[in-house]
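Here's the structure we're looking at; comments come further down.
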Amino acid sequence: MSKDFRIAPSILSANFARLGEEVDNVLAAGADIVHFDVMDNHYVPNLTIGPLVCEALRKHGVTAPIDVHLMVKPVDRIIPDFAKAGATYITFHPDASDHVDRTIALIRECGCKPGLVFNPATPLDVLEYTLDKLDMVLLMSVNPGFGGQKFIPYVLDKARKVRQMIDARGLDISLEIDGGVGTGNILEVAKAGVDTFVAGSAVFGAAKDSDPHRYDTVIGALRAELKNA
Ligand code: DX5
Ligand code: ZN
């Protein structure tokens, strides 16, 4: 199991009126990656942010990896735009693309790191043929569309399965989980083989806007839990 754990706050739960500052603050508090949720009111029943916002964060001075989680259908049209906007990872749901292999190749050609995202009840079959082409596998531990939902425990079995596949092939791929992760369950999730943890409401909902150290405390608590993994 990888001990190189990464915390990826989901900006879905940030204060969008002060987004640049929010991202600066979570990174200063020790976050490793910026998780960027893109929703289209079609693949998922919500609408969020696009390439312009990603570009704005880069122009603001954010240098950390930006992990673009596409919850959109179709997928391909928007990929070059996100690459130009400074995305590091681009992950998509295989059920949102008619040609999964082509979409993975397109992300790579655009200079970004491709990843596949699986909804809680979506089987992992496509990994059989695609795993060695990926930099990330993202397991949804809630149904996509909203922050603040409850963690679905059966996804832990799925995580163990993917960890086994990655290790059996000796690949260097991040295994990320997204949804309902916090201090109460991050250790259990890590023990299932996950190395990258999205946390939206757990991080941004942690304390009042007026407290300048609001994110240090929660990210510190998440890392403290991981020390026991
Ligand atoms: C849900 C998004 C998540 C969400 C997680 O569709 O993909 O990234 O922000 O939020 P929490 O951590 O609050 O469950
Ligand atoms: Zn997400």
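For the sequence shown, the positions run 1315 to 1543 when the numbering used here is used. Glycine residues also receive a C-beta, built at the ideal position from the N, C-alpha and C atoms. In this text the structure is predicted, and so the values were computed from the model without any measurement.
At a threshold of 7 Å, does His1407 count as lining the ligand ZN (C-beta to nearest heavy atom)?
No, the beta carbon of His1407 sits no closer than 7 Å to any heavy atom of the ligand ZN.
Would you mind giving the Cβ-Cβ distance between Asp1449 and Lys1427, rounded to the nearest angstrom? I have them listed as a contact below 8 Å.
4 Å between Cβ atoms; contact.
Would DSSP call Phe1330 helix, strand or coil?
Correct three-state label for Phe1330: helix.
Flag Val1358 as yes when its Cβ comes closer than 7 Å to any non-hydrogen atom of the ligand ZN, and as no otherwise.
Flag unset: Cβ of Val1358 not near the ligand ZN.
Can you tell me whether Lys1464 is helix, strand or coil according to DSSP?
The answer is coil: DSSP assigns Lys1464 none of H, G, I, E or B.
Given Val1456, which residues of its chain have a CB within under 8 Å of its CB, disregarding the five upstream and five downstream residues?
Excluding residues up to 5 positions away in sequence, Pro1434, Gln1463, Lys1464, Phe1465, Ile1466, Asp1492, Gly1493, Gly1494 lie with their Cβ nearer than 8 Å to the Cβ of Val1456 in the same chain.
From Ser1316 to Glu1335, what does the alpha carbon distance come to, in whole angstroms?
Reliability of the predicted coordinates at Ser1316 is poor, the pLDDT of 40 falling under 50, and no value is obtained from them.
Classification of Thr1377 by the beta-carbon crowding that lies within 10 angstroms, buried from 16 upward
Burial call: exposed.
Beta-carbon gap between Ile1547 and Thr1402 smaller than 8 Å:
Because the chain spans 1315 through 1543 in this model, residue 1547 falls outside it and cannot be assessed.
Report the option in Pro1359, Ala1331, Pro1323 whose CA atom is closest to the CA atom of Gly1344.
Here the closest residue by C-alpha is Pro1323.
Buried versus exposed, by CB contacts within 10 Å (16 or more), Ala1331
With fewer than 16 Cβ atoms within 10 Å of its Cβ, Ala1331 is classed as exposed.
Pull every residue with its beta-carbon under 6 Å away from any heavy atom of the ligand NAP, and keep them in chain order.
What this structure holds is the ligand DX5 and the ligand ZN, not the ligand NAP.
In this structure, what does DSSP give as the bridge partners for Ser1324?
Paired residue(s): His1349.
What residue ranges within the stretch 1390-1425 form continuous alpha helix (DSSP H) runs of no fewer than 4 residues, ordered along the chain?
Taken in chain order, the complete alpha helix (DSSP H) segments of 4 residues or longer contained in the stretch 1390-1425 are 1393-1398, 1414-1423.
Is Ala1378 close to the ligand DX5? I mean its beta-carbon at under 7 Å from any heavy atom of the ligand.
The ligand DX5 never approaches Ala1378 closely enough for any of its heavy atoms to be under 7 Å from the residue's Cβ.
Leaving out five residues before and five after Gly1461 in sequence, what residues of the same chain have Cβ atoms less than 7 Å from its Cβ?
For Gly1461, where only same-chain residues beyond five positions count, the Cβ hits under 7 Å are Ser1324, Leu1326, Ser1327, Gly1514, Ser1515.
Quick one: is the Cβ of Val1389 within less than 7 Å of any heavy atom of the ligand DX5?
It does not: the Cβ of Val1389 is nowhere closer than 7 Å to a heavy atom of the ligand DX5.
Cut-off 8 Å between Cβ atoms - residues of its own chain near Leu1445, not counting five sequence neighbours on either side:
Once the five neighbours on either side are set aside, the close Cβ partners of Leu1445 are Val1451, Met1479, Ile1480, Arg1483, Leu1485, Ile1487.
Can you give the Cα-Cα distance for Lys1541 and Ala1535, rounded to whole angstroms?
Distance between the alpha carbons of Lys1541 and Ala1535: 10 Å.
Buried or exposed: which applies to Arg1391, given that a residue is buried once 16 or more other Cβ atoms fall within 10 Å of its Cβ?
If you draw a 10 Å sphere on the C-beta of Arg1391, you find fewer than 16 other C-beta atoms in it, and that means exposed.
Just how far apart, CA to CA, sit Arg1474 and Val1431?
Rounded to whole angstroms, Arg1474 and Val1431 show a C-alpha spacing of 16 Å.
Could you give the distance in angstroms between the alpha-carbon of Lys1472 and the alpha-carbon of His1413?
Lys1472 and His1413: Cα-Cα distance of roughly 24 Å.
Where Phe1319 sits in the DSSP three-state scheme:
Coil at Phe1319, not helix or strand.
When His1356, Tyr1443, Glu1539, Phe1350 are compared against Ala1410, the one with the closest alpha-carbon
When each option's Cα is compared against that of Ala1410, the closest is His1356.
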